[in-house]
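Each residue of the sequence shown is one higher than the last, beginning at 44 in the numbering used here.
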Amino acid sequence: MNMNLRFCESKIDYWANRYTERQRQENRMREQRLIDLRCDVLSRGYLTKDELHEVARWKSPRRAALTLENTDNFIQEITGGVFTSTDDWTKLLTLTQLQGIGQPTASAILHLYDEGDYPILDIHALWSIGRPWKKRVSYPFWLEYIESCRDIANRNNVSMRELDRALWKFSSDYGRSGRSR
């Protein structure tokens, strides 16, 4: 598989900044609240039901209500186990055992709260690295996607969050016609 940015790596900061500049105030605040929870989640070692619901509302609003069907203990057990696991594929798949959590939201949980650097599985981000959107990704694809994004972020001295913002915004600015090419 080949993953190549559709824009110059030197423009990552530009696209990441455009993401933030163009973000609606309410979305900026929601994202910042999620980011601000990182220290609490890391020190506690698991997500609460409210936190899980907030991440789902941010990443997949239509499925977010389903997260409320999970018990507090189940959420603690699943997310606590994920945050101590060392296997990237197990982490992604284990999170999908939670009601309302598909692979894209699972990747967002890892992106925001796991100590490793994880990209978010998103139609926009995948288009920006020249890959088609798939509802469910395979083990080899997930590992290659992580490696590619980590390499790009490290090579350009940017955080995974900055890279994710840049990938999302570049695709968003090129609209539906750009993604279908």
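Using N, Cα and C, we set each Cβ at its ideal position, and we do this for glycine too. Here the structure is a predicted model, which is why all the values come from computation and not from measurement.
Proximity of residue i and residue j at Cβ, strictly below 8 Å
i	j	result
residue 171	residue 163	no
residue 62	residue 211	yes
residue 81	residue 101	no
residue 46	residue 214	no
residue 92	residue 111	yes
Selected residue, minimal CA-CA separation from residue i, among the options
i	options	result
residue 129	144, 106, 116 and 186	186
residue 56	216, 214, 215 and 201	201
residue 141	122, 158 and 133	122
residue 179	147, 173 and 69	147
residue 153	72, 85 and 173	85
residue 79	98, 67 and 92	98
residue 133	83, 182 and 110	182
residue 106	204, 87 and 139	139
residue 168	158, 157, 135 and 216	216
residue 157	166, 184, 87 and 50	87
residue 165	71, 66, 103 and 54	103
residue 231	159, 174 and 136	As shown, the chain starts at 44 and ends at 224. That puts residue 231 outside it, with no answer to give.
Cβ distance (whole Å) where residue i is taken to contact residue j below 8 Å
i	j	result
residue 108	residue 209	Not really, about 31 Å apart at Cβ, beyond 8 Å.
residue 48	residue 144	Rounded, the Cβ-Cβ distance is 28 Å, inconsistent with contact.
residue 95	residue 118	5 Å
residue 52	residue 199	5 Å
residue 89	residue 126	7 Å
residue 189	residue 115	That belief does not hold up - the Cβ atoms of residue 189 and residue 115 are roughly 30 Å apart, past 8 Å.
Residue i, enclosing alpha helix (DSSP H) - first and last residue
i	result
residue 169	166 to 171
residue 72	68 to 79
residue 104	No alpha helix (DSSP H) contains residue 104, which DSSP labels as neither H nor E.
residue 183	182 to 198
residue 117	115 to 127
residue 132	131 to 138
residue 150	146 to 156
residue 63	55 to 65
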